[in-house]
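>
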Ligand code: GLN
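Numbering (our numbering), first residue to last: 3 to 486.
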């Protein structure tokens, strides 16, 4: 059963080939035997999953099933789940039982999807390797000595390891796409505002966006149909009529104009990644797509701008973790100041502290104009670069990450090298555009991801372009050894 995609599972459930109870129990057994090797789940919610599966089977028997009723999924541990620990990968929230469901979680519950558990992640979604998690690093199922990417590394690894058919993720600077690439799965970061952020623990609010991770573009489209939609509890949620994200899956790519940013094809990309991207370009040419070079002149500034804007926003968002209202509280505080200082000092890990310090500095009275304001201006220029490019092309194509999965510990001592893992993904968040990563091949036995970037609200087009590729290639169907 676990070799099936979400679309195939939905059909099997509909045809009565399998029940949700059988399917959910099967995944829970796989988690029990296989997750120890990769540490991808922080919490497994087996009992609740089985209850939800029973309810899904009953709903189906009564003729009340929707498209995904009975398909179990996992949630990144950044989404609040009522009655279940929501840790955000941090000691700070190790004892936090969310009192309500995030909108995304509520939507999947309403769609009848049992929750298998909560997936491991970088602490407060800050990282590109999952090594900043309080619960220890996730290991890449393709090679357990290597990182799964981050911050949604747990979600990517459970999909790659067939420990869930699909999982939710969040992407502030690449955290859906980069781990999708490193694990050989498909993931999409929607247009900013498409998916509600309500109940999704905030890192950098103007960049954060939730999205689905699954094996195929078709599966991502089915999940996005559940996740996306206006939510009045999120003030940046976009008011647009609901859309069927599967509507362009069968649109041929013949005549599609694909832009290749010249800045993405210079130095910095590993030879193996470059070869795979070239092969994907050749595949699309074979399908009749046309390629045009595009210029994104400010893209080399995106990592620098992001590492001012994101820390600035996080320093403000994380002020709420003060040891008073919820989360970790230090032992025997002397007075209020001691309570604040020790609760935060003991509750947060080093990467989170580094970001809070950088952000607080950038926002301070003497430096605001020099750093924060400047970064915001660069952000605008980056968005304008894309707007100009999209006058000439329908989608933009490039690598997702400069290399395949690196070794655990390889970049932990050098934050700047780690930050460069997101060099191809970050500009998209600064501009608020939708983008996805899909598996496109292997280099030395490790998966390589291909990135597709679309204009605002063009998720359906992106998913169609990816689906057309996946119809003619096998990459998205391959499983890591030991997890087949
Ligand atoms: N790796 C980037 C960071 O550490 C992006 C993280 C994310 O998208 N959540 O900020």
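For glycine and all other residues, C-beta sits at the position ideal for the given N, C-alpha and C.
1. Does the beta-carbon distance from residue 127 to residue 203 come in below 9 Å?
2. Determine the DSSP secondary structure at residue 33, reduced to helix, strand or coil.
3. Just to confirm before moving on: does the CB-CB distance between residue 94 and residue 434 stay below 9 Å?
4. Please name the residue in 206, 466, 431, 186 whose C-alpha comes closest to that of residue 194.
5. Using the three-state DSSP reduction, which class does residue 445 fall into: helix, strand or coil?
6. Look up residue 187 in the DSSP assignment and say whether it is helix, strand or coil.
7. Alpha carbons only, please: which of 125, 54, 62 is nearest the one belonging to residue 80?
8. Measuring straight from C-alpha to C-alpha, what distance separates residue 163 and residue 224?
9. Check each candidate in 418, 436, 214, 332 and name the one with the smallest Cα separation from residue 463.
10. How big is the Cα-Cα spacing for residue 85 and residue 98?
11. State whether the stretch 182–193 contacts the stretch 139–147, with contact taken as three or more CB pairs (one from each stretch) at a distance under 8 Å.
12. Kindly list the residues whose CB is nearer than 7 Å to the CB of residue 288, restricted to its own chain and excluding five residues on each side of it in sequence; keep chain order.
13. Residue 234: buried (16+ other C-beta within 10 angstroms of its C-beta) or exposed?
14. Assuming the contact rule is C-beta atoms closer than 8 Å, residue 417 and residue 364 should be a hit. Round their C-beta distance to whole Å, please.
15. Do residue 170 and residue 73 count as a contact pair if the criterion is CB distance below 9 Å?
16. What beta strand (DSSP E) runs, 3 residues minimum, are completely inside the stretch 439–485?
17. At what residue ranges does the stretch 180–228 contain a whole run of the beta strand (DSSP E), taking only runs of 3 or more?
18. Under 9 Å between the Cβ atoms of residue 390 and residue 426?
19. Going by beta carbon distance, what residues of the same chain come within less than 8 Å of residue 351, once the five residues before and after it are set aside?
20. Would you identify the three-state DSSP class for residue 259, choosing helix, strand or coil?
21. Our contact map puts residue 76 next to residue 166 with C-beta atoms below 8 Å; I'd like the distance itself, whole angstroms only.
22. So which of 161, 103, 382, 376 has the shortest CA-CA distance to residue 5?
23. Grouping DSSP H, G and I as helix and E and B as strand, with all else coil, what is residue 2?
24. Count the other CB atoms, across all protein chains shown, that sit within 10 Å of the CB of residue 227; report buried if there are 16 or more and exposed otherwise.
25. Going by the CB atoms, is the gap between residue 298 and residue 384 shorter than 9 Å?
26. From the DSSP output, in three-state form, read off residue 278 for me.
27. Span of the beta strand (DSSP E) holding residue 413?
28. Among 381, 309, 413, which residue has its Cα nearest to the Cα of residue 362?
29. Are the Cβ atoms of residue 445 and residue 275 separated by less than 9 Å?
30. If we ignore side chains and look at the alpha-carbon of each, how far apart do residue 484 and residue 56 end up?
Per the coordinate set shown:
1. yes
2. helix
3. no
4. 431
5. strand
6. The answer is coil: DSSP assigns residue 187 none of H, G, I, E or B.
7. 125
8. 20 Å
9. 436
10. 9 Å
11. yes
12. Hits under 7 Å: none found.
13. exposed
14. With a Cβ gap of about 16 Å, residue 417 and residue 364 do not count as contacting.
15. Not a contact, by the Cβ cut-off of 9 Å.
16. 448–456
17. Runs of beta strand (DSSP E) with 3 or more residues, each lying fully within the stretch 180–228, are found at 188–191, 212–216, listed in chain order.
18. Cβ distance not < 9 Å, so residue 390 and residue 426 don't count as in contact.
19. 92, 93, 125, 134, 136
20. Of the three classes helix, strand and coil, the one that applies to residue 259 here is strand, per DSSP.
21. Confirmed, about 4 Å.
22. 161
23. The chain is shown from 3 up to 486; residue 2 falls before or after that span and cannot be answered.
24. buried
25. Against a cut-off of 9 Å, the Cβ pair of residue 298 and residue 384 comes out as a contact.
26. helix
27. Neither: residue 413 is in no beta strand (DSSP E) and is coded neither H nor E.
28. 309
29. yes
30. 30 Å
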